[in-house]
């Protein structure tokens, strides 16, 4: 039943224009399927098999859940290697070589199935799925060149990303605590909260494009301008013929296409400063208030959108002083905000490389991730730990508190010591 409601809830939440991601529900879906197999199936639904009994033990069940989580990341971002590394960094408390190849095999199967389905849907009969509905931003297939003069702006991106990421975590933690108080009052309050956030989001997103002015369509536009009736870079939105609204081009698109617009190169004059700044603030706060209501939600995509918008804004401020284009700044901004919020490094680096399909970005992405994570660690912990604390889940910290380093066993035990001998006698009394 959990799996069923996750799928239905995810579809409904995205259709309601809530600023949430699909990575969380996909990871949860993979974990549910794995847990189902680890329990030997279900006799109630007649989904059992003799071969499933081999996985009905604690170790294999944990391994299956880890592999299922890796499969969820691989399916959401078309990043099989990134899915394995994400499971290594965030999901598995104990890693061994057998689990490594099992997770790799799982994500490899996911990649093969996805590729087969995408090839089958190239005709467009599957909707957005066959037209780039998965997050795959092949925006930098051409060569990317950068020089030492570009290092200071990249370092600035990392510092800003770390500060913004820690602020994002702090605000999300406080909002979740408030939502927990509301959700504890009953199902009516939960539904009312979800409806309130959904209605407010829809009204806000529809009204914001009126704050932006219409821009003439560029003469060298790579697609039809304005874009009517489909996703694209140039939304008309109450503009006269031959003009487009740049803020509407970001808001009235899918999250995937909005990110693709921000990542695109050779579009340095497409967006205004005010539109990018408004879009950044909207994504920053809406993603915080949309998380924690009674819908399956993830944070990966909202964080990418928010980071890409502020990265693009920094690129516009730097301008011709750097050899990097605005789209590349958006990619690095997304990486820095991810590093400042989620605090993973290796898996995020590989996932971003698989999304952008260009290994030349590796040095810059590594640099910005390390700087943002180091900066954010000075303020608070990563977003996953904060969420588990806010929801009251039992959680063992990675490192002990500093005061515990001087403690001994005698500081935490009282009374006489009871011990067992090598051989003990048991009595029926």
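Residue numbers (mature numbering (1 follows the signal peptide of the UniProt record, and there is no 0)): -16 to -1, 1 to 413.
All residues carry an ideal CB built from backbone N, CA and C; glycine is no exception.
Beta-carbon separation (whole angstroms), residue i vs residue j, contact threshold 8 Å
i, j, result
"residue 247", "residue 315", "6 Å"
"residue 374", "residue 157", "6 Å"
"residue 73", "residue 259", "Not a contact, Cβ separation roughly 35 Å."
"residue 299", "residue 313", "3 Å"
"residue 288", "residue 243", "6 Å"
"residue 367", "residue 326", "6 Å"
"residue 355", "residue 146", "7 Å"
"residue 141", "residue 399", "Actually they are not in contact, since the Cβ atoms of residue 141 and residue 399 sit about 57 Å apart, beyond 8 Å."
"residue 148", "residue 321", "6 Å"
"residue 249", "residue 311", "4 Å"
First and last residue of the uninterrupted beta strand (DSSP E) at residue i
i, result
"residue 198", "198 to 200"
"residue 228", "227 to 229"
Distance between residue j and residue i (C-alpha atoms, nearest Å)
i, j, result
"residue -4", "residue 193", "22 Å"
"residue 347", "residue 128", "12 Å"
"residue 189", "residue 324", "26 Å"
"residue 46", "residue 17", "12 Å"
"residue -11", "residue 87", "23 Å"
"residue -16", "residue 362", "41 Å"
"residue 117", "residue 240", "Low confidence applies to residue 117: its pLDDT is 43, below 50, so where it sits in the model is not reliable enough to give any reading."
"residue 227", "residue 276", "39 Å"
"residue 170", "residue 278", "12 Å"
"residue 162", "residue 202", "46 Å"
"residue 406", "residue 12", "45 Å"
"residue 150", "residue 360", "5 Å"
"residue 159", "residue 396", "35 Å"
"residue 19", "residue 71", "15 Å"
"residue -2", "residue 186", "11 Å"
"residue 305", "residue 91", "42 Å"
"residue 410", "residue 94", "53 Å"
"residue 351", "residue 257", "26 Å"
"residue 200", "residue -9", "41 Å"
"residue 379", "residue 365", "13 Å"
"residue 391", "residue 385", "11 Å"
"residue 195", "residue 283", "27 Å"
"residue -14", "residue 79", "26 Å"
Candidates the options, of which the one nearest residue i by Cα
i, options, result
"residue 382", "390, 376, 369, 1", "369"
"residue 89", "71, 51, 56, 74", "51"
"residue 308", "198, 386, 285, 137", "137"
"residue 251", "56, 296, 179", "296"
"residue 270", "358, 155, 391", "155"
"residue 97", "199, 75, 59", "59"
"residue 237", "-8, -13, 1, -9", "1"
"residue 198", "62, 177, 224", "224"
"residue 421", "264, 92, 218, 266", "No statement about residue 421 is possible, as the shown extent of the chain runs from -16 to 413 and does not include it."
"residue 144", "172, 378, 319", "319"
"residue 44", "386, 61, 23", "23"
"residue 63", "191, 131, 78, 340", "340"
Residue span of the alpha helix (DSSP H) that contains residue i, given as start and end
i, result
"residue 306", "That residue, residue 306, is in no alpha helix (DSSP H); it is neither H nor E in DSSP."
"residue 247", "239 to 247"
"residue 252", "First-last for residue 252: undefined, no H or E at that position."
"residue 154", "135 to 167"
"residue 209", "Neither: residue 209 is in no alpha helix (DSSP H) and is coded neither H nor E."
"residue 93", "81 to 104"
"residue 408", "Note, residue 408: premise wrong, no alpha helix (DSSP H); not H, not E."
"residue 398", "Counting along the chain, residue 398 falls outside any alpha helix (DSSP H), and DSSP gives it neither H nor E."
"residue 9", "7 to 22"
"residue 190", "171 to 191"
"residue 414", "With the chain represented from -16 up to 413, any question about residue 414 goes unanswered, as that position is not in the structure."
"residue 357", "346 to 361"
"residue 78", "From DSSP, residue 78 is part of no alpha helix (DSSP H); its letter is neither H nor E."
"residue 55", "42 to 61"
"residue -4", "-15 to -2"
"residue 373", "367 to 374"
"residue 69", "64 to 70"
Residues near residue i in its chain [Cβ-Cβ closer than 6 Å; skip 5 each side]
i, result
"residue 221", "193, 229, 232"
"residue 285", "5, 239"
"residue 14", "52, 53, 55, 56"
"residue 66", "331, 334, 335, 338"
"residue 167", "174"
"residue 328", "73"
"residue 100", "none"
Chain B within 8 Å of residue i, Cβ atoms only
i, result
"residue 49", "Protein chains in the displayed structure number just one, and chain B is not present."
Cβ neighbours of residue i in the same chain (closer than 7 Å, five flanking residues each side left out)
i, result
"residue 76", "50, 83"
"residue -7", "6, 9, 280"
"residue 261", "297"
"residue 69", "330, 331, 334"
"residue 134", "306, 307, 308"
Own chain partners of residue i with C-beta closer than 8 Å, once the 5 adjacent residues on each side are dropped
i, result
"residue 177", "163, 166, 167, 277, 278"
"residue 181", "2, 273, 274, 277"
"residue 267", "3, 286, 289, 290, 293"
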